[in-house]
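These notes are about the structure you will find just below.
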Amino acid sequence: MNTKPRINPDQAHRHHRLRVMVAMSIYVVLLLGCAYYIKHGHPGPTLTVVLALLPTIPVIWVMWSLYVYLTQADELQRRVHLTSLSMAAGVTAFLTLTYGFLEDFAGFPHIPAWWTFVVIDLVWGATSCVLWCRYK
Amino acid sequence: MNARISPAKASRRYQTQMVVASVTYIALIAGTMDTLRAKPPMTERVLLALLPALPIAWMVWAVIRYLNSADELQRRVHIEALALAAGITAFLSLTYGFLEDMAGFPRAPLWTVFLVIDLVWVASGFVLWRRYK
Chain C
105 MNTKPRINPD QAHRHHRLRV MVAMSIYVVL LLGCAYYIKH GHPGPTLTVV LALLPTIPVI
165 WVMWSLYVYL TQADELQRRV HLTSLSMAAG VTAFLTLTYG FLEDFAGFPH IPAWWTFVVI
225 DLVWGATSCV LWCRYK
Chain H
1178 MNARISPAKA SRRYQTQMVV ASVTYIALIA GTMDTLRAKP PMTERVLLAL LPALPIAWMV
1238 WAVIRYLNSA DELQRRVHIE ALALAAGITA FLSLTYGFLE DMAGFPRAPL WTVFLVIDLV
1298 WVASGFVLWR RYK
């Protein structure tokens, strides 16, 4: 990761927060709009796929923003985020495999795929809180 | 993160643990499969389905221990690769989740998420490693 800060870390954090807020507002509007149209507008199969994929565009923006932020953040912020993200990967990998077994072999109900996104975000948020408190 | 053993030794110990855990995992899957196919009572089924998760927990723990005693570059590469794996998997699962819910795509079994995380981790670890070399 290229880690040459071109702006100061506080400014980078503010930019990131602003971008995430704008992106998430677009996301909510797109998600509600697309879900409504798919349910009531009865679009063709191609249009349905396009509409289902549309809300992921602001999510790409959020991820890009996170990447830019991590290259401009200070060493501690970067360390906390990278460590907590990698913990999120590990914990999520374990949880999905465990629940996958229960789903396949013990007949537990299927969980929609987007739940993985929620789990990754929750573990990331929780571990970065813990790490942040520890380093302070 | 203070290393109590040398990075080379940590790497060897990690490899041994991973091999033993993988073998245990395969043995447990193979061993419980027949019993599970016979549809035993619910409690037994849940316990048997959870058994193979034990060596996986061991693997996660082995990775954490390895990263604690690895050298700075190895740690950096792995942590960045794992962070990328979390980000990319989060994005892919959200995307496929929408296709599942709204466009009627077939349901993906949850263990595919495990596969995706591992594949992205290995692939990005490889790319980062070559970049730093």
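Chains as they are written, first to last, in my numbering: chain C, 105 to 240; chain H, 1178 to 1310.
Where is the CB? At the ideal position from N, CA and C, for every residue including glycine.
Exercise. Sorry if obvious, but does the Cβ on P213/C come closer than 7 Å to a heavy atom of the ligand GDP?
Worked result: With respect to small molecules bound, the structure shown includes none, and the ligand GDP cannot be examined in it.
Exercise. Does DSSP classify G1264/H as helix, strand or coil?
Worked result: helix
Exercise. Where do the ends of the alpha helix (DSSP H) carrying R1284/H lie?
Worked result: R1284/H -> no alpha helix (DSSP H), and no H or E assigned at all.
Problem set entry | Contacts that H214/C makes with chain B (C-beta to C-beta distance below 7 Å) | Checking the listed chains, one finds no chain B in this structure; the protein chains it contains are C and H.
Problem set entry | P1229/H classed as buried or exposed, judged by whether at least 16 other C-beta atoms fall within 10 angstroms | buried
For this session: Return the Cβ separation of D208/C and P1217/H in integer angstroms, given the expectation that the two are a contact with Cβ distance under 8 Å.
Result: Actually they are not in contact, since the Cβ atoms of D208/C and P1217/H sit about 15 Å apart, beyond 8 Å.
Exercise. Per the contact definition of three or more C-beta pairs closer than 8 Å, is the region 199 to 218 of chain C in contact with the region 1277 to 1296 of chain H?
Worked result: yes
For this session: In the DSSP assignment, find the alpha helix (DSSP H) that holds R1222/H and state where it starts and stops.
Result: 1219 to 1227
For this session: Reducing DSSP to helix, strand and coil, say where F242/C ends up.
Result: Since the first residue shown for chain C is 105 and the last is 240, residue 242/C is missing from the structure and cannot be characterised.
Exercise. Under three-state DSSP, which class holds G1302/H?
Worked result: helix
Problem set entry | From Y1309/H, D1278/H, R1308/H, A1263/H, residue whose alpha carbon lies closest to that of I142/C | D1278/H
Exercise. Comparing the C-beta of E207/C with each C-beta of chain H, is any distance below 8 Å?
Worked result: yes
Exercise. For the region 1264 to 1285 of chain H, which residues have a CB atom closer than 7 Å to at least one CB atom of chain C, in sequence order?
Worked result: G1264, T1266, A1267, F1268, S1270, L1271, T1272, Y1273, G1274, F1275, L1276, E1277, D1278, M1279, A1280, R1284, A1285
Exercise. How about I224/C and T1266/H: are their beta carbons less than 8 Å apart?
Worked result: yes
Exercise. If you measure beta-carbon to beta-carbon, which residues of the region 141 to 167 of chain C are closer than 8 Å to chain H?
Worked result: I142, P149, T152, V153, L155, A156, L157, P159, T160, V163, I164, M167
Problem set entry | Straight-line Cα distance separating M191/C from W1235/H | 15 Å
Exercise. Does the beta carbon of V1196/H come closer than 8 Å to any beta carbon on chain C?
Worked result: no
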